[in-house]
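Just below is one structure, and these are the notes that go with it.
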Amino acid sequence: MAIPAAIVLTYVWEFTRRRRAGLGIGSAIRRTLGLETIGVVVALAIVPVVAYAITWIPWFVHFEPSLADWFNQHGEMIEYHRDLRSTKLDPSTDTYTPTHSSYSEAWTWIPMIRPVSYFVQDLGPDIRQVLALGNPVLFWGTMWTIPYCAWSWWRIRNWVPGFIVVAFAGLYLPWFLVARPQFFFYVLPLTPFMALAAVYALRDLSAAYLVIRDAETGEVAIDPETGEPAISRRKPYLPFVWGYFATAVGLFLWMWPILTAGRISDVMWKARVWFKGWT
């Protein structure tokens, strides 16, 4: 989904840019297709294929398979995903039971209701785990940073928040139409745009001033003592911005053991695995 969404976004972006420059619809379409297609093919077709092929190098080195084995592996992967079902009939109970414990629908990804646990090892009083968990500050903050970007896009007609919103929506919303089982790690392509949304919103907050406006006209009031606009010289939201970054970094360090299979006590593990869905 990410690559088709990026292709559509690129063409729409370039077409819109040429239209704003004064070109007609036909000229804008022809120039967009003629000048951008080579770059799109290289960046969004050739480079991803090459990058994907490179990721298989360790597999070839370790297992020493043939090229036929590589194609067969892909056939098995396609067959697995084609036949994947969220439930199957359990003959012993004659009921349908989940085929995997970590399925999660798209609406649960941002609140991180059911991340995927890749590895767990019980060491008696200690535990080691690899949990595919996002940074709570970034993920939960997305519930206000993306709407803020959408509002900013509508208010100031700036392409920057618009790009963030369109890219995020293009990658995320189609998953709500997919019936097949889904996992939390499908959210990975969204995380760069979640980070961009956070940076955009926090940048605006850090630069914001308090402004006193006239109750009747809505215009900026004039300070009677100085004769200048009644605008605060301080940035009241800057402490919040620094607090956001400090909390994000602190939580990343705090969660590090359960992201990297670090050996920690059961008490310290429970202090990091906050919800039942994270176990």
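Numbering-wise (the working numbering), the sequence shown opens with residue 543 and increments by one. Glycine included, every Cβ here is placed at the ideal spot set by N, Cα and C. From a predicted model like this one, the values you see are computed outputs, not experimental measurements.
Quiz item: Could you give the C-beta distance for valine 679 and tyrosine 660, rounded to a whole number, given that I count them as a contact under 8 Å?
Solution: Contact check for valine 679 and tyrosine 660: beta-carbon distance about 22 Å, past the 8 Å limit, so the pair fails to qualify.
Quiz item: Measuring CA to CA, which of Phe681, Ile698, Gly712 and Gly566 is closest to isoleucine 545?
Solution: For isoleucine 545, the nearest C-alpha among the options comes from Gly712.
Quiz item: Do glycine 683 and tryptophan 695 have their C-beta atoms within less than 7 Å of each other?
Solution: For glycine 683 and tryptophan 695, no; Cβs fall outside 7 Å.
Quiz prompt | Neighbourhood of isoleucine 688 by C-beta distance below 7 Å, restricted to the same chain and skipping five residues each side | solution = Once the five neighbours on either side are set aside, the close Cβ partners of isoleucine 688 are Val707, Phe710 and Ala739.
Practice problem: Sort Leu793, Ile800, Leu744 and Trp796 by Cα distance to proline 778 and report the nearest one. | Solution: Cα-wise, what sits closest to proline 778 is Leu744.
Self-check item: DSSP state of phenylalanine 661 mapped onto helix, strand, coil
Solution: The answer is strand: DSSP assigns phenylalanine 661 an E or B state.
Quiz item: According to the neighbour-count rule (16 or more other Cβ atoms, all chains shown, within 10 Å of its Cβ), is threonine 574 buried or exposed?
Solution: Flag for threonine 574 reads buried.
Exercise. Answer yes if the segment 650 to 657 comes into contact with the segment 784 to 795, meaning at least three C-beta pairs across the two stretches below 8 Å, and no otherwise.
Key: Contact between the segment 784 to 795 and the segment 650 to 657 is absent, because fewer than three Cβ pairs lie under 8 Å.
Quiz prompt | Helix, strand or coil at alanine 587 [DSSP, three-state] | solution = Annotated three-state conformation of alanine 587 is helix, per DSSP.
Quiz item: Mapping DSSP to helix, strand and coil, what is lysine 777?
Solution: In the three-state reduction of the DSSP assignment, lysine 777 falls in the coil class, being assigned neither a helical nor a strand state.
Quiz item: Where does the unbroken alpha helix (DSSP H) through isoleucine 698 begin, and where does it stop?
Solution: Per DSSP, isoleucine 698 belongs to the alpha helix (DSSP H) from 678 to 698.
Quiz prompt | Expected contact under 8 Å - CB spacing of proline 824 and aspartate 808 to nearest Å | solution = In the structure displayed, the chain extends from 543 to 821; residue 824 sits before or after that span and is not available.
Practice problem: Please specify which runs of the alpha helix (DSSP H), each continuous and at least 4 residues long, are wholly inside the segment 547 to 588, giving them in chain order. | Solution: DSSP runs (the alpha helix (DSSP H)) wholly in the segment 547 to 588: 567 to 583.
Quiz item: Does the separation of the CB atoms of proline 723 and serine 643 fall below 7 Å?
Solution: No.
Quiz item: What residue from Ile806, Tyr645 and Arg814 has the CA that sits closest to leucine 665's CA?
Solution: Among Ile806, Tyr645 and Arg814, the Cα nearest to that of leucine 665 belongs to Ile806.
Quiz item: Given that a residue counts as buried once 16 or more other Cβ atoms are within 10 Å of its Cβ, and exposed if not, what is leucine 715?
Solution: With fewer than 16 other beta carbons inside 10 angstroms of its own, leucine 715 counts as exposed.
Quiz item: Which term fits methionine 685, buried or exposed, when burial requires 16 or more other beta carbons within 10 angstroms of its beta carbon?
Solution: Exposed is the call here.
Quiz item: Which residue comes first and which comes last in the beta strand (DSSP E) that contains arginine 670?
Solution: Unbroken beta strand (DSSP E) run through arginine 670: 668 to 674.
Quiz item: Any idea what DSSP makes of isoleucine 806, helix, strand or coil?
Solution: The answer is strand: DSSP assigns isoleucine 806 an E or B state.
Self-check item: 7 Å Cβ shell around serine 646 - same chain, five flanking residues per side excluded
Solution: Only Ile655, Arg656, Gln724, Phe725 and Phe726 meet the Cβ criterion.
Quiz item: Which of helix, strand or coil does DSSP assign to phenylalanine 605?
Solution: Looking at phenylalanine 605 - three-state DSSP - the assignment turns out to be helix.
Practice problem: Take tyrosine 553 as the anchor and find which of Val582, Gly564 and Gly566 has the nearest alpha-carbon. | Solution: For the residues Val582, Gly564 and Gly566, the minimum Cα distance to tyrosine 553 belongs to Val582.
Quiz item: Which whole-angstrom value describes the C-beta separation of arginine 560 and alanine 548, a residue pair presumed to lie in contact below a C-beta threshold of 8 Å?
Solution: The pair is not a contact, with the Cβ atoms about 19 Å apart (cut-off 8 Å).
Quiz item: In three-state terms, what does DSSP make of phenylalanine 725?
Solution: The answer is strand: DSSP assigns phenylalanine 725 an E or B state.
Self-check item: Distance, isoleucine 620 Cα to tryptophan 796 Cα
Solution: Straight-line Cα distance between these residues: approximately 38 Å.
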